[in-house]
Each structure stands twice: as C-alpha cells, then as structure tokens.
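2 protein chains.
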Amino acid sequence: MSGAAEAIKPEVMKQLFHPEIEDVLPADVFAALGDPIRLGILVSLADCDEIDKARCGAFTELASPSLLSYHFAKLREAGITRSRAEGTVRFLSIRREEFDRRFPGLLDTVIETARRDPSVPRAKLDV
Amino acid sequence: MSGAAEAIKPEVMKQLFHPEIEDVLPADVFAALGDPIRLGILVSLADCDEIDKARCGAFTELASPSLLSYHFAKLREAGITRSRAEGTVRFLSIRREEFDRRFPGLLDTVIETARRDPSVPRAKLDV
DNA sequence: CGACTATTTCAATGATCGTTGAATCATGGG
DNA sequence: CCCATGATTCAACGATCATTGAAATAGTCG
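If you're matching them up, the sequences are chains C and Y in order. Residue numbering for the first sequence follows this note's numbering, starting at -14 and increasing by one per position. Residue numbering for the second sequence follows this note's numbering, starting at -14 and increasing by one per position.
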C-alpha cells in the first residue's frame, strides 16, 4: 500500500480522531460517562494536574491495556479527552477550556460527583 | 381544580420498582442520561412544574407509547424519576430532593446542559 | 539492524441497547 | 358486565457494548 505517506515526519505518530467540540452532543457525552472505568479514568486525570504523569500506561490499575485503549477512545470520541503522542508514549488530558465553553459547568459537577463516590475506581498517577 | 382524586384511594395499581437513592451509582445515572429521548423527557419534566401535567401520555411527541415506557423505566431505575399511578393514569416526576442529596448539583447542571442543546427534543406538557 | 516497549487494532464472545408492533393488564364508565 | 383508555410487557430484530487475548504498529535504544 504505497501512497502519500512518503514525507513522514519522524516524530508524528498516527493521529487519533478528535471531534470538533461543537459537534459533540450531550447524549453522547453522558453515554461516554456511563461506565465506571471511564469515570475512573476521568477523575484520575482530574486529580493529577501534572501533564506528564497522565500517560496511558499509568492507568493499568483500572483495566488491561487493550481495554483501556477502548475506553480512551470512547472518552476521546465524546470530546472529553485529548490524546497526544510523544515519542513512544501517549499522554491523556481533559479538553478543559473547549469542553467548558461547550457545556459550562458540566465537567466540574461530573468530576465532583464521580470523585465522591466509592464505586468509581482510581489510578495513582503519581510517579 | 387539581387534586380531585386526593381523598379517594380506590386501589393500588401494580407498583413499579424504584431503587433506594443510596444504591444508585453515578455510572448508572450517566448511562440513563445517555440517550436524547431520555434527556428530552427530563427537560420536559423540569420545564413543567405543574405536577398533574406530567402524565405519561403527555410525552407522545417524543416516541411511541411502548418506547416511552421503556425509557421511563430506564430513568426510574436510575433513581432519576418517580412514577406514581393515579387511577388509569400514571404521572412522572423528578426525584428532586433525594437525588440532589445523593448527587448535589448534578441534576441542575445536567438539565441546564440538555435544555441549552437543540439536539434534545421537547414535549409540550401544557394541557 | 533487531530486540524492546508502549499502545492500538482486530476478531470473537455474550450482554445489553433502542426500536417496533402485537398482546396484555389495570381502571373507569356506559 | 363489557368496552374503551392509558400504560406496561413481550417477542423479536439488528446495533452497539464491554471484555478478552492475540496480532499489528510506532518509536527508542543497544
């Protein structure tokens, strides 16, 4: 499969799909939040402001790598998180400003709700 | 003249299941909110404070009776709404106080989010 | 290069979802 | 009583879900 892939930039990994924030619908957001593992990823992310702590591999307490990848995709496709590649590693972050502009106040309340509840698992992203 | 049937308690219709509010988990709540019709039911309910306007049959703009019943059950089983039978009719209401105690601030933000978005359908519950 | 690591993708599974239409149940009124 | 009405239940369907484990991909480093 030869194609337009000749001029590959060395440090650019395959780009994952991120929806325009205006295209994100409330029902899709809530559907993405409707799973304890994904809520766990979200609160773990929110509890750790240090950008470079949140690489994908830091969430292994929550699920297997393959299952995590699946849940990462759900959050990403719902406009909640962004996945940024850096070398061999991928970092997760919350699309804070954009999301807050699109759905003011929602993320704070959701995170607070999830954070308070013992049914939501957590990953320790420190170190 | 609302509440005409207040004095008479003829017979009790089959009781529908309502979970204890403490047993409701955040992920289940969000899953229940992850559908545009259910969001539509919720905002329509929230927009109509008149208790006796919110009988089940008033939502027919949103879906068929049978499908509505399915979605009513989802909202009810997630602890969000209550179904009260009165004669041959059933009335829906939001479990406001309980839910707000269990998940402070969540319902307000959710309803506001859904209300603002044109993708969420509405039922006119006025007469 | 080739081994290694981090992550995604694929194929397969059983479970649950949203939807439809027909059947059923409960209640009130002639 | 029987019938009309409001609402739930059931059976079926294709679609999507969460999960698993194996395979593929992308970048790093010896």
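For glycine and all other residues, C-beta sits at the position ideal for the given N, C-alpha and C.
Residue(s) in a DSSP beta bridge with residue i
i        : result
Val118/Y : Past the edges of chain Y, shown from -14 to 112, lies residue 118/Y, and the structure says nothing about it.
Ile79/Y  : Thr66/Y
Arg86/Y  : DSSP lists no partner for Arg86/Y.
Arg101/Y : DSSP lists no partner for Arg101/Y.
Arg40/Y  : Phe76/Y
Whether residue i touches residue j by CB criterion (9 Å)
i        : j       : result
Gly64/Y  : Arg80/Y : yes
Gly19/Y  : Leu18/C : yes
Glu35/Y  : Arg87/Y : no
Phe76/Y  : Arg40/Y : yes
Phe109/C : Glu46/C : In the sequence as displayed, the identity of residue 109/C is Lys instead of Phe. Yes, they are a contact pair.
Pro11/Y  : Glu62/Y : no
Ala48/Y  : Ala16/C : no
Interface residues of chain Y facing residue i [CB-CB closer than 7 Å]
i       : result
Phe88/C : Thr98
Residues that residue i contacts on chain C, provided the C-beta gap is smaller than 7 Å
i       : result
Phe15/Y : Phe15, Leu18 and Gly19
Residues of its chain near residue i, where Cβ-Cβ distance is below 7 Å and the 5 sequence neighbours each way are ignored
i        : result
Ala99/Y  : Leu24, Leu27, Val28 and Val105
Val95/Y  : Leu18
Asp85/Y  : Leu92
Glu83/Y  : Ile6
Arg107/Y : Gly25, Val28 and Ser29
Val9/C   : Ala63, Gly64 and Arg87
Ala31/Y  : Ile79 and Ile96
Close Cβ partners of residue i (< 6 Å) along its chain, the five nearest in sequence each way excluded
i       : result
Leu1/Y  : Ser68
Ile22/Y : Leu47, Ala48 and His56
Val14/Y : Ala63
Val74/C : Arg40
Where residue i meets chain Y, residues with beta-carbon distance less than 8 Å
i        : result
Ser104/C : Leu10, Pro11 and Ala12
Leu91/C  : Thr94, Val95 and Thr98
CB-CB length for residue i against residue j, believed under 8 Å
i       : j        : result
Lys59/Y : Asp111/Y : Not confirmed; about 25 Å, so no contact.
Phe44/C : Leu53/C  : 5 Å
Proximal chain Y residues relative to residue i, where beta-carbon distance stays under 9 Å
i       : result
Leu24/C : Pro11, Ala12 and Phe15
Same chain, Cβ closer than 8 Å to residue i, five either side skipped, listed in chain order
i       : result
Cys33/Y : Ala39, Leu110 and Asp111
Phe57/Y : Ile26, Cys41, Thr66, Ser68 and Leu77
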